[in-house]
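Asks:
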Amino acid sequence: MAIFMAVCRAFTARHATHLQHDLVAPSSQAAPRLPLLPRGPSLAVTVASPPPRHLPAGPRASTSASDLSPTPPSERTMTALDLASLWAGLVVGVPAYYLAGSLVDLGMSALQGVATVTFANLIVLVTLVLTAAPAVTHGLPFPVLARAAFGVHGAHVPALIRALVGCGWFGIESWIGGRAIFLLLPSRLKSCQPLVAPVPGLGAAPLELACLLAFSAAQIAVIMHGMEGIRKLEKYAAPVLIVLTSALLAWAYTSAGGFGRVLTQTPRLTSGEFWKLFFPSLTANISFWATVAINIPDFARYARSQADQVLGQVGLPVFMGLYTFAGIAITSATETIFGRVISDPIELLGRIGGPAMTFLAISGITLAIITTNIPANVVAPANALVSMSPRRFTFAKGALVTALISLAFQPWRLVSSSESFVNIWLLSNSALAGPIGGILLADHYIVRRTALDVDALYSEDRGSPYYFQGGFNVAAMVAMAAGVAPIVPGFLHKVGVLTSVSKAFVTAYNNAWFVSFFVAGAVYCLLCGQREMQAKPQYN
Numbered sequence: 059m060a061i062f063m064a065v066c067r068a069f070t071a072r073h074a075t076h077l078q079h080d081l082v083a084p085s086s087q088a089a090p091r092l093p094l095l096p097r098g099p100s101l102a103v104t105v106a107s108p109p110p111r112h113l114p115a116g117p118r119a120s121t122s123a124s125d126l127s128p129t130p131p132s133e134r135t136m137t138a139l140d141l142a143s144l145w146a147g148l149v150v151g152v153p154a155y156y157l158a159g160s161l162v163d164l165g166m167s168a169l170q171g172v173a174t175v176t177f178a179n180l181i182v183l184v185t186l187v188l189t190a191a192p193a194v195t196h197g198l199p200f201p202v203l204a205r206a207a208f209g210v211h212g213a214h215v216p217a218l219i220r221a222l223v224g225c226g227w228f229g230i231e232s233w234i235g236g237r238a239i240f241l242l243l244p245s246r247l248k249s250c251q252p253l254v255a256p257v258p259g260l261g262a263a264p265l266e267l268a269c270l271l272a273f274s275a276a277q278i279a280v281i282m283h284g285m286e287g288i289r290k291l292e293k294y295a296a297p298v299l300i301v302l303t304s305a306l307l308a309w310a311y312t313s314a315g316g317f318g319r320v321l322t323q324t325p326r327l328t329s330g331e332f333w334k335l336f337f338p339s340l341t342a343n344i345s346f347w348a349t350v351a352i353n354i355p356d357f358a359r360y361a362r363s364q365a366d367q368v369l370g371q372v373g374l375p376v377f378m379g380l381y382t383f384a385g386i387a388i389t390s391a392t393e394t395i396f397g398r399v400i401s402d403p404i405e406l407l408g409r410i411g412g413p414a415m416t417f418l419a420i421s422g423i424t425l426a427i428i429t430t431n432i433p434a435n436v437v438a439p440a441n442a443l444v445s446m447s448p449r450r451f452t453f454a455k456g457a458l459v460t461a462l463i464s465l466a467f468q469p470w471r472l473v474s475s476s477e478s479f480v481n482i483w484l485l486s487n488s489a490l491a492g493p494i495g496g497i498l499l500a501d502h503y504i505v506r507r508t509a510l511d512v513d514a515l516y517s518e519d520r521g522s523p524y525y526f527q528g529g530f531n532v533a534a535m536v537a538m539a540a541g542v543a544p545i546v547p548g549f550l551h552k553v554g555v556l557t558s559v560s561k562a563f564v565t566a567y568n569n570a571w572f573v574s575f576f577v578a579g580a581v582y583c584l585l586c587g588q589r590e591m592q593a594k595p596q597y598n
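With positions in the sequence shown counted from 1, the corresponding number in the numbering used here is that position plus 58.
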């Protein structure tokens with residue numbers, strides 16, 4: 059909590075300068091603030107010999123390089139409405155619906171589920187705003203900003219972790235989209251036993267896998283149009299998705315005879331059982347967007363101003379709260395309509411309406427998946443690959459690699475039940491996202507006091523303030539390991555590798571994001587403080 063309060067104080071004290079797009083030159087002494095310029099001639103004093111080495115992604119000289127270069131003012135056109143529309147497209151998707159339905163499936167009432175989700179997203183909103191602020195000021199993407207805390211080479215570590223999680227999510231979204239395609243296939247094709255029988259050891263049928271590959275290919279085709287095409291798709295897709303969700307909500311209201319029973323539903327959990335479920339569910343909901351909160355700079359770098367960034371980000375808790383209510387209300391209504399809880403919207407759509415209605419509904423779900431999957435789960439992995447090897451990868455090639463890696467996650471297993479989706483996939487993700495977020499915020503607001511040298515972020519020169527030890531910041535690596543370590547025993551217990559562990563480790567796993575975030579941030583600040591104390595005698 060102390061770290062959180064310090065971050066908030068630093069943000070309020072320093073980000074008046076961010077609003078003016080200022081740049082602080084890092085130094086052991088106080089440095090004058092210089093006006094930020096898009097990557098043109100440097101205003102800093104240069105050393106004649108040896109010449110500084112620059113990372114290939116520095117200058118805006120090629121397609122792959124420009125993907126990671128500072129966004130010039132002429133391209134910073136994203137308004138608060140654009141960013142809110144982005145969040146609307148991200149929120150209105152099948153995984154968010156499935157998450158809401160899973161809370162009901164696990165025993166929460168509708169009101170308990172909505173309150174849990176809304177509270178979690180208010181917490182995420184704080185991290186979103188704080189992480190996005192330097193990106194708006196300097197126009198930098200996540201892989202570049204991460205170099206300040208992790209080093210010019212060490213930044214590949216959090217970028218790859220974020221990328222791997224994104225690959226897993228891409229697989230889950232694509233699997234759901236593939237199931238939507240499967241639902242539209244002719245009955246004769248779906249009744250062919252060799253095509254629908256699960257492959258031994260794989261757990262998925264050949265026809266299901268073919269639908270997964272077809273849906274993935276369709277998304278790659280959209281990605282080839284670049285970020286501008288994605289932003290346009292988000293802008294026009296959001297209203298369509300809201301209308302479709304409202305139609306499904308109206309159907310549930312009419313068929314169930316109103317939401318009175320849903321809203322007045324007696325909780326199935328006792329007070330003790332609710333709190334036992336609440337904290338893992340809170341962590342899972344934070345984890346749902348925690349990885350996007352890490353790489354939100356990839357989008358916020360295009361914002362016109364900090365005001366647009368902050369107002370646009372408010373769309374997350376607003377839309378998530380409304381959509382969660384819709385998802386939970388519809389899921390709760392299925393118990394009245396069908397006699398059992400149906401938390402899977404694909405299964406639900408297969409049981410309602412005629413062919414025309416099903417086609418329209420599936421088309422809406424397909425649009426929802428694409429507008430969620432590409433921004434949330436493709437941008438970060440693609441940018442990570444460009445950052446690692448800009449000569450080999452462009453954004454489009456990185457997206458293709460993301461789609462291929464996603465198959466290795468076997469997404470059909472990750473969403474096979476509410477237990478595996480919430481308590482294994484989401485909670486384990488939070489243990490990886492938490493330390494990265496804690497270190498990034500602690501470094502920017504507490505250690506550096508928002509000072510950032512943009513030119514140095516693109517330099518491999520050994521004298522660069524972000525070169526550290528061979529390009530790696532050991533303090534960040536140790537802090538990340540310290541944040542993940544307390545979560546590992548609980549995870550191994552959850553997946554059945556360890557038969558029993560201490561209750562403390564179970565509690566740590568159930569609160570994985572909070573534990574990993576604050577432990578990593580605290581350890582990082584401690585190690586950086588010790589490094590400064592050791593450097594002072596040498597300087598004197």
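The beta carbon of each residue, even a glycine, is placed where N, CA and C say it ideally should be. These numbers come from a predicted model, not from an experiment.
Mapping the DSSP letters down to three states, classify M378 as helix, strand or coil.
Replies: Indexing the sequence shown from 1 puts residue 378 at position 320. Three-state DSSP puts M378 in a helix.
Asks: Does the beta-carbon of M538 have 16 or more other beta-carbons within 10 angstroms, so that it is buried, or is it exposed?
Replies: Looking up residue 538 in the sequence shown gives position 480. M538 comes out buried.
Asks: What would DSSP say about M136, mapped onto helix, strand or coil?
Replies: Counted from its first residue, the sequence shown places residue 136 at position 78. Correct three-state label for M136: strand.
Asks: Name, in chain order, the residues that DSSP records as bridge partners for F530.
Replies: As a position in the sequence shown, residue 530 is number 472, starting the count at 1. Per DSSP, Q527.
Asks: Is there at least one non-hydrogen atom of the ligand SAM closer than 7 Å to the beta-carbon of T392?
Replies: Ligands in the displayed structure: none, and consequently the ligand SAM is not present.
Asks: Alpha carbon to alpha carbon, how far is G529 from A158? Give it in angstroms, no decimals.
Replies: Taking the sequence shown and counting its residues from 1, the one referred to as residue 158 is at position 100. Taking the sequence shown and counting its residues from 1, the one referred to as residue 529 is at position 471. Taking the straight line from one Cα to the other gives about 42 Å.
Asks: Per DSSP, D361 forms a beta bridge with which residues?
Replies: Within the sequence shown, residue 361 is the residue found at index 303, counting from 1. The identity of residue 361 in the sequence shown is Ala, whereas the question assumes Asp. DSSP lists M136 as partners of A361.
Asks: Thinking C-beta only, is A454 closer than 8 Å to I281?
Replies: By 1-based counting over the sequence shown, the position of residue 281 is 223. By 1-based counting over the sequence shown, the position of residue 454 is 396. Contact flag set, yes.
Asks: Just to confirm the assignment, what range does the alpha helix (DSSP H) spanning M446 have?
Replies: In the sequence shown, counting from the first residue as 1, residue 446 sits at position 388. 437–446 is the span of the alpha helix (DSSP H), which, as asked, contains M446.
Asks: Identify the continuous alpha helix (DSSP H) that holds Y567 and give its terminal residues.
Replies: Reading the sequence shown from its first residue, position 509 is the one you call residue 567. Taken as a continuous stretch (DSSP letters only), the alpha helix (DSSP H) holding Y567 covers 561–568.
Asks: Would L260 be called buried (16 or more neighbouring beta carbons within 10 Å of its own) or exposed?
Replies: For the purposes of this step, residue 260 is identified with residue 202 of the sequence shown, where counting begins at 1. The residue in question, L260, is exposed, as its Cβ has fewer than 16 Cβ neighbours within 10 Å.
Asks: Could you pull out every residue in the same chain whose Cβ sits closer than 8 Å to the Cβ of F200, ignoring the five residues on either side in sequence?
Replies: Counted from its first residue, the sequence shown places residue 200 at position 142. Excluding residues within five positions, the ones whose Cβ falls inside 8 Å are A193, A217, R220, I352, N353, I354, P355, D356, A438, N441.
Asks: Go ahead and label Q588 buried or exposed: buried means 16 or more other beta carbons lie within 10 angstroms of its beta carbon, across all protein chains shown.
Replies: Sequence index remark: in the sequence shown, residue 588 carries index 530 (1-based). Classification of Q588: exposed, given that the 10 Å Cβ count is below 16.
Asks: Between R118 and Y524, what straight-line distance do the alpha-carbon atoms span, to the nearest angstrom?
Replies: What you label residue 118 is simply residue 60 of the sequence shown in a count that begins at 1. What you label residue 524 is simply residue 466 of the sequence shown in a count that begins at 1. Confidence at R118 is low in this model, with a pLDDT of 36, below 50, so its placement is unreliable and no value can be given for it.
Asks: Counting pairs of Cβ atoms below 8 Å between the stretch 478–486 and the stretch 546–564, do you hit three or more?
Replies: Touching, yes.
Asks: Could you tell me if S245 is buried or exposed, where buried requires 16 or more neighbouring beta carbons within 10 angstroms of its beta carbon?
Replies: Position 187 of the sequence shown, counting from 1, holds the residue named residue 245. Looking at its Cβ environment, which holds fewer than 16 other Cβ atoms inside 10 Å, S245 is exposed.
Asks: Indicate whether G370 and D140 have their beta-carbon atoms separated by less than 8 Å.
Replies: Residue 370 sits at position 312 when you count from the first residue of the sequence shown. Residue 140 sits at position 82 when you count from the first residue of the sequence shown. Cβ distance < 8 Å, so G370 and D140 count as in contact.
Asks: Got a sec? Which residues, its chain only, sit under 7 Å from A540 by beta carbon, not counting five neighbours each side?
Replies: On the sequence shown, residue 540 is found 482 positions in, with the first residue counted as 1. Once the five neighbours on either side are set aside, the close Cβ partners of A540 are V577, A578, V581.
Asks: Hey, how far is the Cα of G165 from the Cα of D402?
Replies: Taking the sequence shown and counting its residues from 1, the one referred to as residue 165 is at position 107. Taking the sequence shown and counting its residues from 1, the one referred to as residue 402 is at position 344. Roughly 16 Å between the two C-alpha positions.
Asks: Between the Cα of P297 and those of F563, A533, Y503, G151, spot the shortest distance and give me the residue it belongs to.
Replies: To locate residue 297, count along the sequence shown from 1; it is residue 239. Per the Cα distances, G151.
Asks: Pull up the distance between the alpha-carbon of Y311 and that of I404, whole angstroms please.
Replies: Residue numbering aside, residue 311 sits at position 253 when the sequence shown is read from its first letter. Residue numbering aside, residue 404 sits at position 346 when the sequence shown is read from its first letter. The alpha-carbon atoms of Y311 and I404 are separated by roughly 19 Å.
Asks: Let me check understanding here. Comparing Cα to Cα, which of R398, R409, V301 lies closest to Y381?
Replies: Indexing the sequence shown from 1 puts residue 381 at position 323. Y381 has its Cα closest to that of V301, out of R398, R409, V301.
Asks: From S476 to S160, what distance separates their C-alpha atoms?
Replies: On the sequence shown, position 418 is the one that residue 476 refers to. On the sequence shown, position 102 is the one that residue 160 refers to. So the alpha carbons of these two residues sit roughly 5 Å apart.
Asks: Kindly indicate which three-state DSSP category S517 falls into: helix, strand or coil?
Replies: Taking the first residue of the sequence shown as 1, we reach residue 517 at position 459. Strand.
Asks: Which of the three DSSP states is assigned to C250 in this structure?
Replies: As a working mapping, residue 250 is identified with position 192 in the sequence shown. Of the three classes helix, strand and coil, the one that applies to C250 here is coil, per DSSP.
Asks: With 16 as the cutoff for other CB atoms within 10 Å, does Q196 come out buried or exposed?
Replies: Here residue 196 refers to the residue found at position 138 of the sequence shown. With the sequence shown as reference, residue 196 is identified as His, and Gln is not the correct amino acid for it. H196 is buried by the Cβ-count criterion.
Asks: Using only alpha-carbon positions, find the residue among D366, L307, G397, V564 that is nearest to R134.
Replies: As a position in the sequence shown, residue 134 is number 76, starting the count at 1. Ranking D366, L307, G397, V564 by Cα distance to R134 puts D366 first.
Asks: CB V436 to CB G224, shorter than 8 Å?
Replies: What you label residue 436 is simply residue 378 of the sequence shown in a count that begins at 1. What you label residue 224 is simply residue 166 of the sequence shown in a count that begins at 1. Cβ atoms of V436 and G224: closer than 8 Å.
Asks: If contacts are defined as beta-carbon pairs under 8 Å, then S339 and T174 qualify, I think. What distance do you get, rounded to the angstrom?
Replies: For the purposes of this step, residue 339 is identified with residue 281 of the sequence shown, where counting begins at 1. For the purposes of this step, residue 174 is identified with residue 116 of the sequence shown, where counting begins at 1. With 8 Å as the limit, S339 and T174 qualify as a contact, their Cβ atoms being about 5 Å apart.
Asks: With distances taken between CB atoms, is the gap from R362 to L198 smaller than 8 Å?
Replies: As a position in the sequence shown, residue 362 is number 304, starting the count at 1. As a position in the sequence shown, residue 198 is number 140, starting the count at 1. Taking 8 Å as the Cβ cut-off, R362 and L198 do not qualify as a contacting pair.
Asks: What would DSSP say about S474, mapped onto helix, strand or coil?
Replies: In the sequence shown, residue 474 corresponds to position 416, counting from 1. Of the three classes helix, strand and coil, the one that applies to S474 here is coil, per DSSP.
Asks: What separation, rounded to the nearest whole angstrom, lies between the Cα atoms of L418 and P448?
Replies: Walking along the sequence shown from the start, residue 418 turns up at place 360. Walking along the sequence shown from the start, residue 448 turns up at place 390. Their Cα atoms are separated by approximately 41 Å.
Asks: Taking the C-alpha atoms as reference points, what is the distance between A457 and I463?
Replies: Mapped onto the sequence shown, residue 457 falls at position 399. Mapped onto the sequence shown, residue 463 falls at position 405. Taking the straight line from one Cα to the other gives about 10 Å.
Asks: By the 10 Å Cβ neighbour count, where 16 or more other Cβ atoms means buried, how is G521 classified, buried or exposed?
Replies: Walking along the sequence shown from the start, residue 521 turns up at place 463. Burial call: exposed.
Asks: If you draw a straight line from the alpha carbon of Y155 to that of S345, how long is it in whole angstroms?
Replies: Taking the sequence shown and counting its residues from 1, the one referred to as residue 155 is at position 97. Taking the sequence shown and counting its residues from 1, the one referred to as residue 345 is at position 287. The alpha-carbon atoms of Y155 and S345 are separated by roughly 15 Å.
Asks: Would the stretch 554–567 and the stretch 241–255 be scored as touching if the rule is three or more Cβ pairs under 8 Å?
Replies: The stretch 554–567 vs the stretch 241–255: no contact.
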